[in-house]
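This report refers to the structure that appears directly beneath it.
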Amino acid sequence: MGAVTDLLQGFNTALTPANLLYAFLGVLLGTAIGVLPGIGPAMTIALLLPITYGIDDPTAAFIMFAGIYYGGMYGGSTTSILLNTPGESASVITAIEGNQMAKRGRAAQALATAAIGSFIAGTIGTLLVALVAPAVVRIAVQLGAPDMFAIMVLAFVAVTSVLGSSRVRGFASLLLGLTIGLIGIDQVTGQQRLTYGIPQLADGIDLVVVAVGLFAVGEALWVAAHLRRSAAQVISTGRARLDREDWSRSWKPWLRGTALGFPFGAIPAGGAELPTFLSYVVEKRFAKRPEEFGKGAIEGVAGPEATNNASAAGGLVPLLTLGLPTTATAAVMLAAFQQYSIQPGPLLLDNEPELVWGLLASLLIGNAMLLVLNLPLATMWAKLLLIPRPYLYAGILFFASLGAYAVNASTFDLIVLLVIGVLGFVMRRYGLPVMPAIIGVILGPRAEVQMRRALQISDGDLHGLVNTTLSVSVYVIVLLLVLWPLVRRFVVRRPADVSA
Amino acid sequence: MTSRRTFWMQGRSEIGVALFLLALGILVLFDAVQVRAGLGARGPVGPKTVPIIVGALLIVTALLLTQDVLRGGHGEPESGEDVDLSVASDWRAMLLLAAAFLANIALIERAGWPISGAVLFFGCAYALGSRHYLRDAIIALAMSIGTWYLFAVGLGIGIPVGILKGIL
Numbered sequence: 000m001g002a003v004t005d006l007l008q009g010f011n012t013a014l015t016p017a018n019l020l021y022a023f024l025g026v027l028l029g030t031a032i033g034v035l036p037g038i039g040p041a042m043t044i045a046l047l048l049p050i051t052y053g054i055d056d057p058t059a060a061f062i063m064f065a066g067i068y069y070g071g072m073y074g075g076s077t078t079s080i081l082l083n084t085p086g087e088s089a090s091v092i093t094a095i096e097g098n099q100m101a102k103r104g105r106a107a108q109a110l111a112t113a114a115i116g117s118f119i120a121g122t123i124g125t126l127l128v129a130l131v132a133p134a135v136v137r138i139a140v141q142l143g144a145p146d147m148f149a150i151m152v153l154a155f156v157a158v159t160s161v162l163g164s165s166r167v168r169g170f171a172s173l174l175l176g177l178t179i180g181l182i183g184i185d186q187v188t189g190q191q192r193l194t195y196g197i198p199q200l201a202d203g204i205d206l207v208v209v210a211v212g213l214f215a216v217g218e219a220l221w222v223a224a225h226l227r228r229s230a231a232q233v234i235s236t237g238r239a240r241l242d243r244e245d246w247s248r249s250w251k252p253w254l255r256g257t258a259l260g261f262p263f264g265a266i267p268a269g270g271a272e273l274p275t276f277l278s279y280v281v282e283k284r285f286a287k288r289p290e291e292f293g294k295g296a297i298e299g300v301a302g303p304e305a306t307n308n309a310s311a312a313g314g315l316v317p318l319l320t321l322g323l324p325t326t327a328t329a330a331v332m333l334a335a336f337q338q339y340s341i342q343p344g345p346l347l348l349d350n351e352p353e354l355v356w357g358l359l360a361s362l363l364i365g366n367a368m369l370l371v372l373n374l375p376l377a378t379m380w381a382k383l384l385l386i387p388r389p390y391l392y393a394g395i396l397f398f399a400s401l402g403a404y405a406v407n408a409s410t411f412d413l414i415v416l417l418v419i420g421v422l423g424f425v426m427r428r429y430g431l432p433v434m435p436a437i438i439g440v441i442l443g444p445r446a447e448v449q450m451r452r453a454l455q456i457s458d459g460d461l462h463g464l465v466n467t468t469l470s471v472s473v474y475v476i477v478l479l480l481v482l483w484p485l486v487r488r489f490v491v492r493r494p495a496d497v498s499a
Numbered sequence: 000m001t002s003r004r005t006f007w008m009q010g011r012s013e014i015g016v017a018l019f020l021l022a023l024g025i026l027v028l029f030d031a032v033q034v035r036a037g038l039g040a041r042g043p044v045g046p047k048t049v050p051i052i053v054g055a056l057l058i059v060t061a062l063l064l065t066q067d068v069l070r071g072g073h074g075e076p077e078s079g080e081d082v083d084l085s086v087a088s089d090w091r092a093m094l095l096l097a098a099a100f101l102a103n104i105a106l107i108e109r110a111g112w113p114i115s116g117a118v119l120f121f122g123c124a125y126a127l128g129s130r131h132y133l134r135d136a137i138i139a140l141a142m143s144i145g146t147w148y149l150f151a152v153g154l155g156i157g158i159p160v161g162i163l164k165g166i167l
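Shown next as structure tokens:
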């Protein structure tokens with residue numbers, strides 16, 4: 000019952016006129032930026048971070064972020080439906096069916112089922128976060144250094160093995176991130192590492208600069224090098240709407256998608272890529288007319304879109320209770336928390352109850368605003384897709400520079416931004432996934448502190464890292480993930496041979 | 000520029016990524032060796048341990064990546080809404096973008112953001128193929144002056160006004 004009163008208290012915080020305005024601004028900006036082609040939710044948040052620097056009250060800033068978070072995700076699905084090629088891996092599935100629907104003149108229905116599905120999944124997901132988070136915190140406060148270190152190792156391994164096609168490239172990306180995280184003064188002894196006597200490096204490289212560099216500058220440079228010269232085909236749409244048959248075909252996929260997405264979002268399994276794919280497969284199996292799949296089946300949009308949003312909500316559980324980001328978007332959110340010197344983790348709920356519950360209430364409010372806003376405004380958002388590409392990418396670099404400069408008012412940060420941007424370009428060019436790098440930058444230093452703490456307690460005995468049941472079980476999972484290719488070779492070979 | 004040729008280039012130039020990882024690994028190890036534990040050292044694990052692990056793993060990854068590339072593996076270049084992978088990298092656009100970016104770095108504290116930001120936007124738009132000079136310039140100035148007002152005046156964030164001080 001505690002969660003309900005706390006959440007009501009959160010609504011108390013969120014429903015002041017000023018905070019409602021922040022939520023509305025967040026939703027509007029998030030959708031507008033997120034709908035722009037090539038800008039995924041992570042980049043949306045990274046680019047809009049500087050706007051919140053001027054807001055002194057962290058609660059108000061995070062209420063705005065809540066709107067940006069869901070708004071950016073919704074904007075992304077609009078892009079994939081009307082433009083086909085998706086901005087992020089989690090929208091790949093939406094793009095398949097959604098764009099087919101749009102091509103057959105059912106863009107309005109595709110957008111509507113995505114919007115309503117996102118609303119339902121986001122609402123249920125956020126309520127689940129409110130229910131689950133306090134329970135997780137009760138467990139999390141008992142976790143010691145060895146447990147936290149093991150969980151972080153799991154996050155590292157999961158993000159490199161589950162995502163992407165090449166594990167060695169994922170691992171290379173993670174190590175690049177860990178190396179960036181090493182730069183600066185060692186938190187325990189105060190020794191400088193990899194700073195080469197440059198005073199600006201002593202405090203380490205600001206997370207915002209890393210995030211904006213990898214996501215915004217890297218992406219803009221990469222697209223610039225391969226800019227499509229012919230104009231992209233945008234499918235025009237009317238007001239988003241659903242008829243009776245669409246409703247009856249959509250509501251079950253929405254709920255199934257929510258059930259599938261939330262747990263996947265809450266574990267470090269590489270975000271929404273896997274569950275959206277699973278949702279697609281499930282919906283195809285349950286569908287009355289599976290032959291429509293691949294040609295624009297509404298179930299194939301409704302399910303994966305709900306999954307995507309539920310997974311984003313689920314990702315808030317490890318983020319708020321353990322300080323553990325499971326997606327690139329959550330990682331950028333974590334950077335935003337650290338900007339306000341707030342450390343998400345087991346103590347957050349006790350230390351900042353107003354912020355956490357206000358944030359959750361705002362997510363619910365923002366979600367409702369999105370639905371009201373986006374059903375009638377779909378036509379307007381679609382127009383944003385026609386923005387001339389030189390302006391779009393010039394604008395990204397413009398706002399990236401502005402944001403990186405605003406962090407510390409230092410031109411040195413702009414040089415770092417360019418260097419990291421070039422790194423982001425090279426990573427995209429050679430298929431190194433970006434997400435392990437950002438997770439490495441954020442979790443690397445914290446994993447080091449936990450490891451050293453654990454070994455300090457055990458006086459240097461390596462046994463100190465595995466002296467709890469939880470840490471041992473987590474390492475077993477890590478081992479399974481690492482050895483998975485070997486296991487799969489034995490298990491999957493036979494059916495593969497038969498089909499070949 | 001046939002696709003087979005770009006594929007060949009891709010396969011070989013990826014060794015460069017492995018070399019970069021190798022060099023970085025050596026750099027991190029070299030730096031780690033020079034770090035002293037210091038007076039504030041507590042516990043058995045000093046500030047050297049993690050850099051040594053990361054450096055060593057970088058070198059191992061470099062070797063594994065080399066092996067993968069030599070066996071014919073290659074990283075999939077990222078696709079996207081506006082990305083056309085069938086054309087070769089446009090190096091001219093890249094260099095122009097970098098020039099616009101550096102111009103902003105050089106100018107922001109001397110001339111101020113309203114000017115340096117406009118140069119950045121105009122330069123980037125030019126690099127990406129926009130040739131509506133007048134329209135570009137108007138948009139660029141509107142963006143840089145508008146964001147200056149929003150950030151410096153509206154939000155109270157220190158963005159340099161530079162030589163336009165007193166005018167804006």
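So the protein lines, in turn, are chains A and B. For reference, each letter of the first sequence is one residue, going 0 to 499 in numbering that gives the first Met the number 0. For reference, each letter of the second sequence is one residue, going 0 to 167 in numbering that gives the first Met the number 0. Glycine included, C-beta positions come from ideal geometry on N, C-alpha and C.
CB Gly70 (chain A) to CB Leu369 (chain A), shorter than 8 Å? Residue 70 (chain A) sits at position 71 when you count from the first residue of the first sequence. Residue 369 (chain A) sits at position 370 when you count from the first residue of the first sequence. A contact, by the Cβ cut-off of 8 Å.
Could you tell me whether any Cβ in chain C is nearer than 8 Å to the Cβ of Ile414 (chain A)? Of the protein chains in the structure, A and B, none is chain C.
Residues bridged to Gln191 (chain A) by DSSP? In the first sequence, residue 191 (chain A) corresponds to position 192, counting from 1. Answer is A:Ile184, bridged to Gln191 (chain A).
For Gln141 (chain A), the first and last residue of its enclosing alpha helix (DSSP H): The residue labelled residue 141 (chain A) in the question sits at position 142 within the first sequence. Boundaries cannot be given for Gln141 (chain A), as no alpha helix (DSSP H) includes it and DSSP labels it neither H nor E.
Given that a residue counts as buried once 16 or more other Cβ atoms are within 10 Å of its Cβ, and exposed if not, what is Arg284 (chain A)? Translated into positions along the first sequence, residue 284 (chain A) becomes position 285. By the neighbour-count rule (16 or more Cβ atoms within 10 Å), Arg284 (chain A) is not buried but exposed.
Between Tyr52 (chain A) and the rest of its own chain, which residues show a CB-CB distance below 8 Å, the 5 nearest in sequence each way excluded? Within the first sequence, residue 52 (chain A) is the residue found at index 53, counting from 1. Cβ neighbours of Tyr52 (chain A) beyond the five flanking positions: Gln338, Ala405, Val406.
Considering only residues of the same chain and omitting the five flanking positions on each side of Ala107 (chain A), which have a CB-CB separation below 6 Å? Taking the first residue of the first sequence as 1, we reach residue 107 (chain A) at position 108. Close CB contacts of Ala107 (chain A) within its chain, under the 6 Å cut and outside five residues either way in sequence, are with Thr236, Gly237, Ala239, Arg240 (chain order).
For Pro494 (chain A), is the classification buried or exposed, using 16 other Cβ atoms within 10 angstroms of its Cβ as the cut-off for buried? Within the first sequence, numbered from 1, the residue matching residue 494 (chain A) stands at position 495. For Pro494 (chain A), the pLDDT reaches just 46, beneath the cut-off of 50, and the residue's location in the model is therefore unreliable, although a value from the coordinates is still provided. When all chains shown are included, Pro494 (chain A) counts as exposed.
Would you verify that the beta carbon of Leu21 (chain B) is, or is not, closer than 8 Å to some beta carbon of chain A? In the second sequence, residue 21 (chain B) corresponds to position 22, counting from 1. With 8 Å as the cut-off, Leu21 (chain B) does not count as an interface residue toward chain A.
Look at Val208 (chain A) and Val415 (chain A) and say whether their C-beta atoms are less than 8 Å apart. Here residue 208 (chain A) is taken as the residue at index 209 of the first sequence, counted from 1. Here residue 415 (chain A) is taken as the residue at index 416 of the first sequence, counted from 1. In this structure, the beta-carbon distance from Val208 (chain A) to Val415 (chain A) falls below 8 Å.
Give the C-beta separation of Gly183 (chain A) and Asp202 (chain A) to the nearest angstrom, bearing in mind that I take them to be a contact with Cβ-Cβ under 8 Å. Along the first sequence, one-based indexing puts residue 183 (chain A) at 184. Along the first sequence, one-based indexing puts residue 202 (chain A) at 203. Going by Cβ atoms, the distance from Gly183 (chain A) to Asp202 (chain A) rounds to 6 Å, so yes, they are a contact pair.
Tell me Leu226 (chain A)'s beta-bridge partners as DSSP assigns them. The residue you call residue 226 (chain A) lines up with position 227 of the first sequence. Answer is B:Val82, bridged to Leu226 (chain A).
So with CB distances below 7 Å, who are the chain A contacts of Ile104 (chain B)? In the second sequence, residue 104 (chain B) corresponds to position 105, counting from 1. Those are Thr410, Leu413, Ile414, listed as they occur along chain A.
Look up Phe10 (chain A) in the DSSP assignment and say whether it is helix, strand or coil. In the first sequence, residue 10 (chain A) corresponds to position 11, counting from 1. Looking at Phe10 (chain A) - three-state DSSP - the assignment turns out to be helix.
For Leu131 (chain B), does the three-state DSSP call read helix, strand or coil? Your numbering for residue 131 (chain B) matches position 132 in the second sequence. First, the amino acid is wrong: residue 131 (chain B) is His here, not Leu. Of the three classes helix, strand and coil, the one that applies to His131 (chain B) here is coil, per DSSP.
Can you pull out the residues from the region 182-208 of chain A whose beta carbon lies closer than 7 Å to at least one beta carbon of chain B? Listed by position along the chain: Asp185, Val187, Thr188, Gly189, Gln190, Arg192, Leu193.
What in chain A is Cβ-close to Ala76 (chain B), meaning under 7 Å? Against the second sequence, residue 76 (chain B) aligns to sequence position 77. Contrary to the premise, residue 76 (chain B) reads as Pro rather than Ala in this sequence. In chain order: Arg427, Arg428, Gly430.
Assigned secondary structure, Asn466 (chain A) (DSSP; H/G/I helix, E/B strand, else coil): As a working mapping, residue 466 (chain A) is identified with position 467 in the first sequence. Here DSSP, grouped into helix, strand and coil, assigns Asn466 (chain A) to coil.
Any C-beta of chain B under 8 Å from that of Trp483 (chain A): The sequence position of residue 483 (chain A) within the first sequence is 484, counting from 1. No, no contact with chain B.
State the Cα-Cα distance for the pair Thr326 (chain A) and Met434 (chain A), rounded to the nearest angstrom. If you number the first sequence from 1, residue 326 (chain A) lands on position 327. If you number the first sequence from 1, residue 434 (chain A) lands on position 435. Near 7 Å, if we compare the C-alpha coordinates of Met434 (chain A) and Thr326 (chain A).
Name, please, each residue of chain A whose Cβ falls closer than 8 Å to the Cβ of Leu64 (chain B). Numbered from 1 along the second sequence, position 65 holds the residue referred to as residue 64 (chain B). Ordered by position in chain A, the residues that pass the 8 Å Cβ test against Leu64 (chain B) are Val167, Arg168, Ala171.
Between the alpha carbons of Ala17 (chain B) and Leu323 (chain A), how many angstroms are there, rounded? Mapped onto the second sequence, residue 17 (chain B) falls at position 18. Mapped onto the first sequence, residue 323 (chain A) falls at position 324. Cα to Cα, Ala17 (chain B) sits roughly 30 Å from Leu323 (chain A).
Give, in chain order, every residue of the region 52-69 of chain A whose Cβ lies closer than 7 Å to some Cβ of chain B. Those would be Tyr52, Gly53, in chain order.
Cβ-based burial, Asp460 (chain A) [other Cβ within 10 Å; buried from 16]: Position 461 of the first sequence, counted from the first residue, corresponds to residue 460 (chain A). So Asp460 (chain A) counts as exposed.
Should Val26 (chain A) be flagged as near chain B, meaning a C-beta pair shorter than 8 Å? Residue numbering aside, residue 26 (chain A) sits at position 27 when the first sequence is read from its first letter. So no, Val26 (chain A) is outside the interface.
Ordered list of alpha helix (DSSP H) runs contained in the region 380-444 of chain A, each at least 4 residues: Qualifying alpha helix (DSSP H) stretches, in chain order: 388-407, 410-428.
Own chain residues within Cβ distance below 6 Å of Trp147 (chain B), not counting five before or after: Along the second sequence, read from residue 1 onward, the residue named residue 147 (chain B) stands at position 148. Closer than 6 Å at the Cβ level, and outside the excluded window around Trp147 (chain B), lie Trp112, Pro113, Ile158.
Flag this pair as yes or no: are the beta carbons of Ile395 (chain A) and Ala219 (chain A) separated by less than 8 Å? As a first step, residue 395 (chain A) is located in the first sequence; it is residue number 396 there, counting from the start. As a first step, residue 219 (chain A) is located in the first sequence; it is residue number 220 there, counting from the start. In contact: Ile395 (chain A) and Ala219 (chain A) (Cβ atoms closer than 8 Å).
Of all the options A:Gly217, A:Leu177, A:Ala215, A:Phe155, which has the alpha carbon lying nearest to the alpha carbon of Ile52 (chain B)? Residue mapping note: residue 52 (chain B) aligns to position 53 of the second sequence, counting from 1. The shortest C-alpha separation from Ile52 (chain B) is found at A:Leu177.
Would you check if the region 5-22 of chain A and the region 50-67 of chain A touch, i.e. whether three or more CB-CB distances between them fall below 8 Å? Verdict: yes, contact present.
Can you tell me which of the three DSSP states Tyr339 (chain A) falls into? Reading the first sequence from its first residue, position 340 is the one you call residue 339 (chain A). Residue state, collapsed to three classes: coil.
Taking 8 Å as the cut-off, decide whether the C-beta atoms of Met100 (chain A) and Gly295 (chain A) are in contact. Counted from its first residue, the first sequence places residue 100 (chain A) at position 101. Counted from its first residue, the first sequence places residue 295 (chain A) at position 296. Yes, Cβ-Cβ distance for Met100 (chain A) and Gly295 (chain A) is below 8 Å.
Is DSSP giving Ala164 (chain B) helix, strand or coil here? If you number the second sequence from 1, residue 164 (chain B) lands on position 165. Position check: residue 164 (chain B) holds Lys in this sequence, whereas Ala was assumed. Coil.
Applying the 10 Å Cβ sphere with the 16-neighbour rule, what's the burial state of Arg134 (chain B)? Working through the second sequence from its first residue, we reach residue 134 (chain B) at position 135. Of the other Cβ atoms in all chains shown, fewer than 16 fall within 10 Å of the Cβ of Arg134 (chain B); this residue is therefore exposed.
Give the range of the alpha helix (DSSP H) segment to which Leu348 (chain A) is assigned. Your numbering for residue 348 (chain A) matches position 349 in the first sequence. Leu348 (chain A) -> alpha helix (DSSP H) spans 347-350.
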